[in-house]
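Remarks on the structure that follows.
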């Protein structure tokens, strides 16, 4: 956490990733890793660990929302929208999912969604 508090986000992402490699169940560390990766404009750095966490805990809508946002930010729009649809089926008022959906309404309404 010291790295994050001092603005050394790249180092923080590295250390969180190492810790999660040992114990993926640490949701609080995953959230800190996601925040740090987004702070340096590199959400891609947290995608793999977030996917790993969600494979073990598929119904964590807070983490799934952050994952959908990272997918969107890294250009994986169709995959992000797929996550959003899952989230909204369980949590129709999820603000992050609704925000992502509103930005891509044309794709969702179209029967011919473009490929990533």
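In the numbering used here, the protein residues as written are 70 to 185. Just so it is clear, CB atoms sit at the ideal spot from N, CA and C, and this is done for glycine as well.
- With a threshold of 16 other beta carbon atoms within 10 Å, residue 122 meets it and is buried.
- Assigned with DSSP and collapsed to three states, residue 164 falls in helix.
- Note on the region 83-130: whole alpha helix (DSSP H) runs with a minimum of 4 residues are 96-108 and 113-125, in chain order.
- Collapsing the DSSP output to three states places residue 77 in coil.
- Distance from residue 166 to residue 120 at the Cβ level is roughly 17 Å; contact not present, criterion being Cβ atoms closer than 8 Å.
- A check of alpha carbon separations from residue 160 across 139, 146 and 130 identifies 130 as the nearest.
- With respect to the C-alpha of residue 164, the residue from 140, 135, 151 and 145 having the closest C-alpha is 135.
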